[in-house]
Amino acid sequence: MLDDRGMDVSSDEEHTLSNNGDASQACFILHKFTKKSSSAVEVSPREPALSVKRKRGGKQDISLSSLSPCSADEPEDCGVWRMEAFKCTWADIEANIKEVFEVLNTRIFKEVQKFIHDILFYDAQLELYLSPKNNSYPHVHGNERSSRRLHVALLCLRNIDSSDHTMTFFKLKTHLKKANYHVANLLPHNFLSKNGVGAPLRSMLKQIVGINPETTDMDILASWYRAESDAKSPIVIIIEDAELCNSKVLAEFVIILSEWIAELPLILVMGMATSGEAIRKLLPGSTTRHLHMHNFMFPSPDEYLEGIIKGVILRPFPLFTVGHDVLRFLLSQYDKYDSTVTSFIRALKMACMEHFMSQPLSFLCTISLDSPLENVDYLWRSVSVLPSMQSKQYQSDRDVDKGTVMALSQYKEQKEKWSSTVNCILAAGNLVCMDPVKVFAEILERQAGGIFLNDANSSLNSDILCNELNGKTCLIPALLKRLRDSSEFTVNKILMKWIELTEYIPEWKTEAQQILNNLASESSLINTTEFISDGCTGSTRTRQLATGINSIEDERQESIVSNGGSSEMNVSNLKDGQMRIHGDAEPLNATRLYGTPSMQKKIGVRMHGRLSASLLEQMMRKYLIPFEKLPLNEALCFQNVSSIKEVPSGAAEW
Amino acid sequence: MGRSKVAATPVQQQGKALKQAETSVPRNKRKSDQLASPGGGSHEEVEEASPDGSAGNHKADVEVEETSFAQSYFRAREALSETAKNSAKKLSDLDIVDENELRTSLSRVTFKHEKERTTLLNNYKALYSKWHFQLSCGFGLLMYGFGSKRSLLESFASSTLIDGTVIVVNGYLPAINMKSVVFTIADSLWEQKKSVLKSAKAAGERPLVTHSIDELIAFLDDDNDESPFVYIIVHNIDGPGLRDPDTQQVLANLAAANNVRFIASMDHVNTPLLWDKRMASTKFNWCWHNTPTYVPYTVEAMHLPLILVSSGSAKNARSALLVLQSLTPNAQSVFRTLADYQLSHSEELGLSVHKLYTLCRERFLVSSELTLRSHLTEFKDHELVRSRRGPDGQDCLFIPLPSDTITRLLEQIVG
Chain A
1 MLDDRGMDVS SDEEHTLSNN GDASQACFIL HKFTKKSSSA VEVSPREPAL
51 SVKRKRGGKQ DISLSSLSPC SADEPEDCGV WRMEAFKCTW ADIEANIKEV
101 FEVLNTRIFK EVQKFIHDIL FYDAQLELYL SPKNNSYPHV HGNERSSRRL
151 HVALLCLRNI DSSDHTMTFF KLKTHLKKAN YHVANLLPHN FLSKNGVGAP
201 LRSMLKQIVG INPETTDMDI LASWYRAESD AKSPIVIIIE DAELCNSKVL
251 AEFVIILSEW IAELPLILVM GMATSGEAIR KLLPGSTTRH LHMHNFMFPS
301 PDEYLEGIIK GVILRPFPLF TVGHDVLRFL LSQYDKYDST VTSFIRALKM
351 ACMEHFMSQP LSFLCTISLD SPLENVDYLW RSVSVLPSMQ SKQYQSDRDV
401 DKGTVMALSQ YKEQKEKWSS TVNCILAAGN LVCMDPVKVF AEILERQAGG
451 IFLNDANSSL NSDILCNELN GKTCLIPALL KRLRDSSEFT VNKILMKWIE
501 LTEYIPEWKT EAQQILNNLA SESSLINTTE FISDGCTGST RTRQLATGIN
551 SIEDERQESI VSNGGSSEMN VSNLKDGQMR IHGDAEPLNA TRLYGTPSMQ
601 KKIGVRMHGR LSASLLEQMM RKYLIPFEKL PLNEALCFQN VSSIKEVPSG
651 AAEW
Chain B
1 MGRSKVAATP VQQQGKALKQ AETSVPRNKR KSDQLASPGG GSHEEVEEAS
51 PDGSAGNHKA DVEVEETSFA QSYFRAREAL SETAKNSAKK LSDLDIVDEN
101 ELRTSLSRVT FKHEKERTTL LNNYKALYSK WHFQLSCGFG LLMYGFGSKR
151 SLLESFASST LIDGTVIVVN GYLPAINMKS VVFTIADSLW EQKKSVLKSA
201 KAAGERPLVT HSIDELIAFL DDDNDESPFV YIIVHNIDGP GLRDPDTQQV
251 LANLAAANNV RFIASMDHVN TPLLWDKRMA STKFNWCWHN TPTYVPYTVE
301 AMHLPLILVS SGSAKNARSA LLVLQSLTPN AQSVFRTLAD YQLSHSEELG
351 LSVHKLYTLC RERFLVSSEL TLRSHLTEFK DHELVRSRRG PDGQDCLFIP
401 LPSDTITRLL EQIVG
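Residue numbers (UniProt numbering), protein chains in the order written: chain A, 1 to 654; chain B, 1 to 415.
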């Protein structure tokens, strides 16, 4: 009996009851797919342009064309728009994530490829050296050949949990295949004790030779290789996550390969979760002596996360943002859970899904500001009830249209400035050897506490601010301090980086450029060789100098505090080594403050560091405004962290 | 009066055993004890005080007394160890009620708060569209919380998951053949493909039972964008039939396949220990949902032994299986012969050793009675086989397990 949806049963209850007889079956079909039932679910025909292409390793085919309504009065179109906005937003985020991984991994892939190439060249040279003129490959000098060891590239994944590298080895295989290498990719489940060494050999032969052999004889590979036209290409065997393999089977496999090294140009690539040294624990000494090992290091999980923060979270587009509480939760997933970027990305996707599911106006995230808005009636009703928009008084539909566009534009502008500011902080942190992920986490903490919005006269490096962070490390004040103490070289680099990153904040760009120009003009007077050293690798001499300057600085600071003045500086007033301190009637002369001309030269550089720090401080106060305080934040920023807290890994107690 | 009916506590039993041991000691032994007591003098003194003066007889008596003393000591120790065994017994060992009677009584129990439970289940209906969206975004759904989630998941599937075939796997069953499950899923997908793509050719090669699990999963992991998908619902992914690592790996590979959307329920608090991180976050890709239903586990518990039923046959069956698996194929065949006889002659008390020997000899399982007896000793030591007195006075061998347990045991030995 078919219902209106085309189901085989008349009602859910009846259907469930009808299955009571199936309770004792291991497996049964609850209902079959019918075209009628599927058409009942589709609200509008699927648009191929919007459907996300499915890729290997990730099920991305979002077949739904509409999301369920958030409220009873929501028009049907809004569900479709929200769905489209989600698809568009997530496709963009995902593309950026893939790009980050690709950029970071390709460097290692190229290194591995170069290593294989060099090994082949080395072997060819050795061949030439050992072979008498009349002998030909491969049956001469068997002893010399067999004494060679199997080259193994150990790729250290730098995390005990290899979830971040599910696609890495597949991509490596593709990369090496492009270079015309014969590649086989073996998985840990190929190396089970119950299947023995036959399973990995069979899988290897299947991938390289392209047949499903009845026996697992290496002669098959050797004869195929001799017959192969492209016989100069090496045979690369990749073993993913070797530490998960059965060590006996792996050892046997390695021995077999090493026995054939004289006949075939075999190279082994092994993924090691912890370190390259783990191979010595994994394989017996009798096996490792047949190996010649070379280590390669993948970027650490922190580096991947940094890339994702910069490439996804700090990207001005799309407009969808996550509130600082949600961001802190995402970071905690990474930091406290398993240190894999996968858990961060999973939680980010859940947040994105939840936002578009629950926020009726979330489709505004991808709306074009140039085209007029549709369905203004509904928009007027929805926008006017948003707490962030209640201060605005709309008289007509046209006002709503205009007001929404203005709010969107304001939000976009603020997001750009926020992203630029955070990027500048991270760039500065990076150049003075601070962990960008930790700096970013502290920015979020400070934003959550509204510390950046405090009285502009209070300094960010004060102890009070440190206490406000519950005794956690105060990286921002430390960063400002290091910036003040930086060498000319570092200040120069930081300013150059800022000019590059402040595309959306012209005034910052101008001021950074001005400081850089001043620095350049002054540096011609100073023997910069004494200062060419960054904060991380400063020479003893530089450190001694910095200590000397610090003591002078401290004295100066005390005099400012005793005068009740602020240390804030105005860059525009800086001319010819003079700086104006607010609260002082007359400009301070560096000579008056610092004494001798040689000292003045050295302190001139220091001054630019101080100016840079001051500029950064001003920008932080001005642009690090939480998204939750902006108009339309309800529609564009996901803030409901409690709704996703238990979804990634369940409740602690149940 | 009431006291006498109360079962003896281990301490009481121990005291009783000691008393028995004391009474079982021969009278002369007691005498010697008295003599050996501090006030009673020594054996030599008794010897000297003998009226007839026959020292040799006395010596022999003393030896007998010593032997009997040792015997009584070990008897007492034996009684003590039995007491210790009794104290280790569990509530399930008590012969309280017959299983059928208990199940009938249980089926008559009416559960409370029906209305509230129905309201709770209805409230979950508001989340169906959200769950559907999560599934379509590539996540798997993992439902946890107290109560059976069978009706919840099937209601969700029937009302919302109508854009694909839904296949249900009952993980609470004691034994599940994963190969046939994967084949059913692959075959359903093929039929769906044929219907959607409108040709059998476009649907690809039809999966066969002879294909390996990896090949079947590869069929489900099709890269074609136009390919349809199937929903798989696994009730109790932590069930006894699915707990081993290989099965979980197969399920994870299934969940990661492109044409599969995966929903599961779990009930054991330690279920996540079945998965490693990579399996849980990249293959199953779980979205966790706390969905307590407070619905009784009637269907799920049907295959579990009741704690109040006396025999604890399931426990015995498990240990029997372990023992049998460690024995030689011949010994297993001898056990099978006895089991087959017991199943086909359920009214008889058992099979005599002689008859068993004849049957085994006919089947070339044993060449001599000595070999058979060695097998029987092994069986008896592990309590796989017991003997009792038959109507003709002969010892009859029988397997102390219910018929259905024996049948399952035989199936598992073959597996």
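Ideal placement from N, C-alpha and C gives every residue a C-beta, glycine not left out.
- For a Cβ distance threshold of 8 angstroms, residue set 249 of chain B lies close to residue 189 (chain A), ordered along the chain.
- DSSP, reduced to helix, strand and coil, places residue 375 (chain B) within a helical segment of the structure shown.
- Minimum Cα-Cα distance from residue 110 (chain A) among the listed residues A:297, A:232, A:286 corresponds to A:297.
- Identification of residues in the stretch 632-654 of chain A having a C-beta nearer than 8 angstroms to some C-beta of chain B yields 646, 647, 648, 649, 650, 651, 654, given in sequence order.
- Nearest to residue 255 (chain A) by alpha-carbon distance, out of A:278, A:169, A:284, is A:284.
- Contact check for residue 252 (chain A) and residue 197 (chain A): beta-carbon distance about 4 angstroms, within the 8 angstroms limit, so the pair qualifies.
- Inter-residue distance for residue 274 (chain A) and residue 294 (chain A) is about 15 angstroms (C-alpha atoms, whole angstroms).
- Taking residue 438 (chain A) as reference, the option from A:623, A:332, A:106 with the minimal CA-CA separation is A:332.
- At a Cβ-Cβ threshold of 8 angstroms, residue 171 (chain B) and residue 292 (chain B) do not count as neighbours.
- Check the Cα spacing between residue 181 (chain B) and each of B:195, B:153, B:193, B:166: the tightest is with B:166.
- Residue environment for residue 211 (chain A): exposed (fewer than 16 other C-beta atoms within 10 angstroms of its C-beta).
- A Cβ-Cβ contact shorter than 8 angstroms links residue 626 (chain A) with residue 324 (chain A).
- At a cut-off of 8 angstroms between C-beta atoms, residue 67 (chain A) counts as an interface residue with respect to chain B.
- By the criterion of a C-beta distance shorter than 6 angstroms, residue 96 (chain A) is surrounded in its chain by 311, 312, once the five residues flanking it on both sides are discounted.
- Contact between the stretch 280-294 of chain B and the stretch 243-258 of chain B is present: three or more C-beta pairs spanning the two stretches fall below 8 angstroms.
- With fewer than 16 other CB atoms across the displayed protein chains lying within 10 angstroms of its CB, residue 393 (chain B) is exposed.
- Within chain A, no residue has its beta carbon less than 7 angstroms from that of residue 294 (chain B); the closest one is some 13 angstroms off.
- In the structure shown, residue 159 (chain A) adopts coil according to DSSP, grouped into three states.
- When the alpha-carbon of residue 372 (chain B) is set against those of B:106, B:213, B:330, the nearest one is in B:330.
- Annotation: Cβ neighbours of residue 133 (chain B) in chain A (cutoff 7 angstroms, chain order): 64, 67, 353, 357.
- Beyond the five residues adjoining it in sequence on each side, residue 287 (chain B) comes within less than 6 angstroms, by CB distance, of 134, 139, 141 in the same chain, given in chain order.
- For the pair of segments examined, the stretch 105-116 of chain B was found not to touch the stretch 222-233 of chain B: the number of CB pairs separated by less than 8 angstroms stays below three.
- Annotated as distal: residue 482 (chain A) and residue 610 (chain A), with beta-carbon spacing of 8 angstroms or more.
- Using a 10 angstroms sphere on the CB of residue 243 (chain A), the tally of other CB atoms reaches 16 or more, which defines it as buried.
- Residues of chain A whose Cβ lies closer than 7 angstroms to the Cβ of residue 164 (chain B) are, in chain order, 33.
- A Cβ-Cβ distance of about 5 angstroms is found for the pair residue 436 (chain A) and residue 306 (chain A), placing them in contact under the 8 angstroms criterion.
- Each of A:239, A:428, A:449, A:291 was checked against the Cα of residue 512 (chain A), and the nearest Cα belongs to A:428.
- Of B:121, B:202, B:269, the smallest CA-CA separation from residue 222 (chain B) is found for B:202.
- Judged by DSSP in its simplified three-state form, residue 429 (chain A) adopts helix.
- In the structure shown, residue 295 (chain A) adopts extended strand secondary structure according to DSSP, grouped into three states.
- Note that the C-beta distance between residue 316 (chain A) and residue 415 (chain A) is below 8 angstroms.
- Looking only at A:328, A:258, A:247, A:241, the smallest Cα-Cα distance to residue 235 (chain A) is reached by A:258.
- Per DSSP, residue 30 (chain A) is one residue of the beta strand (DSSP E) stretching across 27-31.
- For residue 256 (chain B), the enclosing alpha helix (DSSP H) covers residues 245-256.
- Here the alpha carbons of residue 614 (chain A) and residue 520 (chain A) stand approximately 19 angstroms from one another.
- Beta-bridge analysis with DSSP links residue 268 (chain A) to A:152, A:237.
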